[in-house]
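Enquirer: First residue of the sequence shown: 703, per the numbering used here; consecutive thereafter.
My questions all concern the structure below.
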Amino acid sequence: MKKLFLILCISASLTACQNSEQSSDKTAVDKSSGEISAPAYKLSPEVQKLQEAALAGTHAYDLTESLTTEIGQRLAGSPQEAKAREWAVDKFKAAGLQNVRVETFPVRGWVRGVETAEIIAPYPQNLEVTALGGSSATPEEGVEAEIAYFPTFEDLAAAPEGGLDGKIVFISGRMEKAHDGAGYGPANQKRRSGATEAGKRGAAAVVIRSVGTDSHRFPHTGQMRYQEDVKPIPIGALSAPDADQLDRILARGETVRIKLTLTPKELGPLESGNVIGDIIGTEKPDEIILIGGHLDSWDLGTGAVDDGAGIGISLGTAQLLLENGLKPKRTIRVVAFGSEEVGLVGAFAYAEKHKDELINHVLASESDFGAGKVYALRTTVQGEARDALIEIQKSLQHLGVAMEDGDTSGGPDIIPLRNAGVPAIRLQQDGYDYFDLHHTPDDTFDKIDKDEIAQNVAAWATMVWMASEADVDYRAAPAQTIGE
Ligand SMILES: [Zn+2]
């Protein structure tokens, strides 16, 4: 029913369809005659065709289902990530993309081992824990120590050096839920730098409250980093309810002892790679519009929202253009980036390998925020070319997409391109629940909503097609670099 409603909306080219279920003054369909009322904004025949086909189709949904079912988890550098590259090559070719190729690069291998934690005193019980990516190991028999408690990362960073000798640091602190994921950056500091700050002060190990917004008993993994001159101590994340448990015991003024066992291993350099395919432009083949997602995932779930969906959406968009016989003027390049999770390794490898042709990359965008509905368009493009992109937003308004001011990275894997001067564009997705699942065993295919991911493809196909056709220079007014 929801799908039919959206299709009617598109046929009508109405601006108010999203709200018409609630508002009586902007009715999508004239109920007396069954006729569709006059459009407020006229879609081009190509855009109308693309949107109808996207909303009636299951392009991204099927690709995401295939990737997560037939491959599953795709840890950077793993045999599964290599299989995912083969999968992508097959799917890129099946979609009709040209020049399908894999560009390999090395990545530092790391695999998870045993991971257990328990409260020894005062109230013995098990804790759900997972190692952060890149963490060093505890001794095989684990480490048992008193907890040094820091309510937030800032509290730890402000503590004097030394004084935590042999203790296990616990960093609590909650992440705020937000539609645009704004709480992630601040919450993520303890994940990235918690081990370094605790190591500087002599601690034996660290546990953090997971960077996430759920209250389920799933810990969230994610990459951490060591500072070179600081002893690398092991670091794990506790599920939110387990962190709550520690918070409550510590609030009683008790001395808490825990035991932590994490035995991940470094594997040395392994092979990773980016899969690339093009729809060669008919009039401006040298001008590249790059779209993509990342092929790797964390190893706990099957990487459906992060980022199977982004692979499905970007490749599904190219598939939709090709199967509808639309031939873009500019080249549309789809990139399935490897090893995003462990530090944008594929993104930096792409930017380095293509550095001499980045001047020909006229726009770039990645889908890497799940499969929630697109609600806004953001771009770094300024000046005259921005008007062409506003036209895209007008063609998406009936799908609930507004124009949003402010900067955009274009997506994590676009950052190196963006900082090399490539204009970025991003379709902002509703990620209110994204960090409930992100980097947990719960990131699985059942979380993908068929209609919402189809709306993404409709929006992406509209964006890519119209951006390709517009007779403007996207690079005329260069944007500032950002430090994301
Ligand atoms: Zn991701």
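Positions of the beta carbon are idealized from the N, C-alpha and C atoms, including for glycine.
Taking 6 Å as the limit between beta carbons, can you name the residues of its chain near residue 879, skipping five residues before and five after?
Expert: As a position in the sequence shown, residue 879 is number 177, starting the count at 1. Contacts found: 915.
Enquirer: Residue 1078 lies in the beta strand (DSSP E); which residues open and close that run?
Expert: Looking up residue 1078 in the sequence shown gives position 376. Residue 1078 -> beta strand (DSSP E) spans 1076–1081.
Enquirer: Note down the Cα distance separating residue 988 from residue 1063, rounded to an integer number of angstroms.
Expert: Position 286 of the sequence shown, counted from the first residue, corresponds to residue 988. Position 361 of the sequence shown, counted from the first residue, corresponds to residue 1063. Taking the straight line joining both Cα atoms gives about 8 Å.
Enquirer: Quick one, are the C-beta atoms of residue 889 and residue 992 less than 8 Å apart?
Expert: As a working mapping, residue 889 is identified with position 187 in the sequence shown. As a working mapping, residue 992 is identified with position 290 in the sequence shown. Taking 8 Å as the Cβ cut-off, residue 889 and residue 992 do not qualify as a contacting pair.
Enquirer: Measuring alpha carbon to alpha carbon, tell me which of 1008, 1176 and 1045 ends up nearest residue 1085.
Expert: For the purposes of this step, residue 1085 is taken as the residue at position 383 of the sequence shown. Nearest C-alpha to residue 1085: 1176.
Enquirer: In whole angstroms, what is the alpha-carbon distance linking residue 732 and residue 814?
Expert: To locate residue 732, count along the sequence shown from 1; it is residue 30. To locate residue 814, count along the sequence shown from 1; it is residue 112. Residue confidence for residue 732 is low, a pLDDT of 36 falling below 50, so the modelled location carries little weight and cannot support an answer.
Enquirer: Between 793, 788, 747 and 779, which lies nearest to residue 1017 when the distance is taken from Cα to Cα?
Expert: Within the sequence shown, numbered from 1, the residue matching residue 1017 stands at position 315. Taking only the C-alpha atoms, the option nearest residue 1017 is 793.
Enquirer: Which two residues bound the contiguous alpha helix (DSSP H) that contains residue 893?
Expert: The sequence position of residue 893 within the sequence shown is 191, counting from 1. Element bounds for residue 893: 886–902.
Enquirer: With a threshold of 7 Å, establish whether the CB of residue 783 neighbours any heavy atom of ligand 1.
Expert: Indexing the sequence shown from 1 puts residue 783 at position 81. Incorrect: residue 783 has no Cβ contact closer than 7 Å to ligand 1.
Enquirer: Go to residue 963, then tell me how far its beta strand (DSSP E) extends in each direction, as first and last residue.
Expert: Your numbering for residue 963 matches position 261 in the sequence shown. Note, residue 963: beta strand (DSSP E), 959–964.
Enquirer: How about residue 1154 and residue 1048: do their beta carbons lie closer than 8 Å?
Expert: For the purposes of this step, residue 1154 is taken as residue 452 along the sequence shown, with counting starting at 1. For the purposes of this step, residue 1048 is taken as residue 346 along the sequence shown, with counting starting at 1. Cβ atoms of residue 1154 and residue 1048: not closer than 8 Å.
Enquirer: Using a Cβ-based criterion (distance less than 7 Å to any ligand heavy atom), does residue 996 qualify as near ligand 1?
Expert: Translated into the one-based positions of the sequence shown, residue 996 becomes position 294. Residue 996: yes, Cβ under 7 Å from ligand 1.
Enquirer: Exposed or buried, what is residue 737 when buried is set at 16 or more other beta-carbons lying within 10 Å of its beta-carbon?
Expert: Sequence index remark: in the sequence shown, residue 737 carries index 35 (1-based). The pLDDT assigned to residue 737 is 38, lower than 50, so where the model puts this residue is not dependable; a value taken from the coordinates is nonetheless given after this. Counting Cβ neighbours within 10 Å, residue 737 comes out exposed, since fewer than 16 surround it.
Enquirer: Under 8 Å, do residue 1000 and residue 923 count as touching if we go by C-beta distance?
Expert: Position 298 of the sequence shown, counted from the start, is the residue given in the question as residue 1000. Position 221 of the sequence shown, counted from the start, is the residue given in the question as residue 923. Yes, Cβ-Cβ distance for residue 1000 and residue 923 is below 8 Å.
Enquirer: DSSP has residue 1032 in a bridge; who is on the other side?
Expert: Against the sequence shown, residue 1032 aligns to sequence position 330. Answer is 986, bridged to residue 1032.
Enquirer: Please work out which residues of its chain come closer than 8 Å, Cβ to Cβ, to residue 1190, disregarding the five sequence neighbours upstream and downstream, and give them in chain order.
Expert: Here the chain has residues from 703 to 1186 only, and residue 1190 is not among them.
Enquirer: Using the C-alpha atoms, what's the distance from residue 1083 back to residue 964?
Expert: Locating residue 964 in the sequence shown gives position 262, counting from the first residue. Locating residue 1083 in the sequence shown gives position 381, counting from the first residue. Using only the alpha carbons, I get a separation of about 46 Å.
Enquirer: CB-CB under 7 Å to residue 767, same chain, minus the five flanking residues each way: which ones, in chain order?
Expert: Mapped onto the sequence shown, residue 767 falls at position 65. So the qualifying residues of the chain are 1147.
Enquirer: Nearest to residue 826 by CA position, among 957, 1079, 1145 and 1104, is which residue?
Expert: Numbered from 1 along the sequence shown, position 124 holds the residue referred to as residue 826. Of 957, 1079, 1145 and 1104, the residue nearest in Cα terms is 957.
Enquirer: Quick check on residue 843: buried or exposed, where buried means 16 or more other Cβ atoms within 10 Å of its Cβ?
Expert: Within the sequence shown, numbered from 1, the residue matching residue 843 stands at position 141. Residue 843 comes out exposed.
Enquirer: Quick test of your reading: residue 1072 and residue 1136, contact by CB under 8 Å. State the CB separation rounded to the nearest angstrom.
Expert: Taking the first residue of the sequence shown as position 1, residue 1072 is located at position 370. Taking the first residue of the sequence shown as position 1, residue 1136 is located at position 434. With 8 Å as the limit, residue 1072 and residue 1136 qualify as a contact, their Cβ atoms being about 4 Å apart.
Enquirer: Who pairs with residue 812 in a beta bridge, going by DSSP?
Expert: Position 110 of the sequence shown holds residue 812. According to DSSP, which records beta bridges pairwise, residue 812 is partnered with 968.
Enquirer: Would you call the region 1154–1163 and the region 1011–1027 in contact, with 3 or more CB pairs under 8 Å?
Expert: With the cut-off at 8 Å, the region 1154–1163 and the region 1011–1027 touch.
Enquirer: Note down the Cα distance separating residue 1080 from residue 1118, rounded to an integer number of angstroms.
Expert: By 1-based counting over the sequence shown, the position of residue 1080 is 378. By 1-based counting over the sequence shown, the position of residue 1118 is 416. C-alpha separation (whole angstroms): 18 Å.
Enquirer: Kindly indicate which three-state DSSP category residue 787 falls into: helix, strand or coil?
Expert: Walking along the sequence shown from the start, residue 787 turns up at place 85. Residue 787: helix per DSSP, three-state reduction.
Enquirer: Roughly how many angstroms separate the alpha carbons of residue 983 and residue 1168, rounded to a whole number?
Expert: In the sequence shown, residue 983 corresponds to position 281, counting from 1. In the sequence shown, residue 1168 corresponds to position 466, counting from 1. Using only the alpha carbons, I get a separation of about 13 Å.
Enquirer: What would DSSP say about residue 659, mapped onto helix, strand or coil?
Expert: Lying before the first or after the last residue shown, residue 659 is absent from the chain, which here runs from 703 to 1186.
Enquirer: If contacts are defined as beta-carbon pairs under 8 Å, then residue 910 and residue 981 qualify, I think. What distance do you get, rounded to the angstrom?
Expert: Working through the sequence shown from its first residue, we reach residue 910 at position 208. Working through the sequence shown from its first residue, we reach residue 981 at position 279. So it is not a contact: roughly 44 Å between Cβ atoms.
Enquirer: Are residue 872 and residue 948 touching if we call contact CB-CB under 8 Å?
Expert: By 1-based counting over the sequence shown, the position of residue 872 is 170. By 1-based counting over the sequence shown, the position of residue 948 is 246. A contact, by the Cβ cut-off of 8 Å.
Enquirer: Consider the C-beta atom of residue 1070 and the heavy atoms of ligand 1; say whether any pair is separated by less than 7 Å.
Expert: One-based indexing of the sequence shown puts residue 1070 at position 368. Residue 1070: yes, Cβ under 7 Å from ligand 1.
Enquirer: Pick from 994, 1030 and 891: whose alpha carbon is nearest that of residue 1173?
Expert: The residue you call residue 1173 lines up with position 471 of the sequence shown. Selected option, being the one with the closest Cα: 1030.
Enquirer: Can you tell me the Cα-Cα spacing of residue 1042 and residue 1145, whole angstroms?
Expert: Position 340 of the sequence shown holds residue 1042. Position 443 of the sequence shown holds residue 1145. If I take the Cα positions, the gap works out to 16 Å.
Enquirer: How close, in whole Å, do the beta carbons of residue 907 and residue 952 come, if the pair is a contact with beta carbons under 8 Å?
Expert: What you label residue 907 is simply residue 205 of the sequence shown in a count that begins at 1. What you label residue 952 is simply residue 250 of the sequence shown in a count that begins at 1. About 17 Å; that fails the 8 Å criterion.
Enquirer: Return the Cβ separation of residue 936 and residue 839 in integer angstroms, given the expectation that the two are a contact with Cβ distance under 8 Å.
Expert: The count along the sequence shown starts at 1 and reaches residue 936 at position 234. The count along the sequence shown starts at 1 and reaches residue 839 at position 137. So it is a contact: roughly 6 Å between Cβ atoms.
Enquirer: Considering Cα atoms alone, identify which of 900, 770, 851 and 1023 is closest to residue 1194.
Expert: Any answer about residue 1194 is impossible in this case: the structure gives the chain only from 703 up to 1186.
Enquirer: Kindly identify the DSSP beta-bridge partner or partners of residue 980.
Expert: On the sequence shown, position 278 is the one that residue 980 refers to. DSSP lists 800 and 1035 as partners of residue 980.
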